[in-house]
Amino acid sequence: MKTSFQYTRRIMISSGLLLAMNSLFRAEVNVRICEDVTFKSVDGMKIYGYLYRPKGGGPFPAIVRVHGGVHGQAKLRNQDFFVDNGYVVLDVDYRGSEGHGKDYRNKLAMGEKEVDDVIAGAKYLQTLPFVQKNKLAVTGDSRGAYITYCALARPNPFKVAAAISGFTDLTKQYQYEEQIAPNFMGIQKLMRGSPYT
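Here this note's numbering = 1-based position in the sequence shown + 4.
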């Protein structure tokens, strides 16, 4: 059943009113504009991201946000909070993420290439004129926290990190996540993806 808002919206679209009201609506409710961006990882692969920025010219400190899930995708969560407080946010869809084709999704490699992608995202931020190059943070939840741990174990540009609800015992994680099992080729590959080795 259609609501009155849906009918009103349909009328507004057909009459062109919605197009004229978009900028007024965004200003009134402070809607964030998300910019789709791409950047190159260490091996030259094109990586996808979503960029959110505060109003003004900056330069601003920046946060690289790493989503969770095995084949997850960046989602709008707490970007508004950070942007309202003067931070640029780059939500990285590292390789293995959904929404960019099957080949991209199947490039998952626990603790390896996706970590390169996140660090490459930080380096991409450092090229932007409105970003403070020496004030970068990284945060992730669940699998994103695991990737955050791995990024901290490598040379990286981050000054601060927040890993939320992450896992560190890959052998235990391997037992519970059968969907990622094809991406492991024995204990040697598993240990290469460990933030401890």
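Glycine included, every Cβ here is placed at the ideal spot set by N, Cα and C.
Under the three-pair Cβ rule at 8 Å, the stretch 98 to 112 does not count as touching the stretch 128 to 144. Beta bridge pairing from DSSP links Phe-64 with Val-135. Ranking Phe-171, Ala-166, Gly-170 by CA distance to the CA of Val-68 puts Ala-166 first. Relative to the Cα of Gly-144, the nearest Cα in the group Val-164, Asn-138, Leu-129 belongs to Val-164.
The count of Cβ pairs closer than 8 Å, one atom from the stretch 119 to 130 and one from the stretch 90 to 100, reaches three, so the stretches are in contact. Pairing Val-70 with Leu-55 gives a Cβ-Cβ distance that is not under 8 Å. With distances taken between CA atoms, Leu-112 lies nearest to Gly-148 out of Gly-148, Asp-84, Pro-159, Gly-90.
Beta-bridge partners of Tyr-56 (DSSP): Val-93.
Within its own chain, the residues whose Cβ lies closer than 7 Å to the Cβ of Val-119, once the five positions on either side in sequence are excluded, are Ile-151, Cys-154, Ala-155, Arg-158, listed in chain order.
Where Val-41 is concerned, there is no enclosing alpha helix (DSSP H), although the beta strand (DSSP E) around it starts and stops at 39 to 44.
With contacts defined by Cβ atoms closer than 8 Å, Val-142 and Phe-171 do not form a contacting pair. Under the DSSP definition of a beta bridge, Lys-50 partners with Lys-44. Non-local C-beta neighbours of Phe-86 in its own chain, meaning closer than 7 Å and more than five positions away in sequence, comprise Ile-67, Val-93, ordered along the chain. 8 Å or more divides the Cβ of Ile-51 from the Cβ of Asp-107. In this structure, Pro-65 places its C-beta atom within 8 Å of the C-beta atom of Lys-139.
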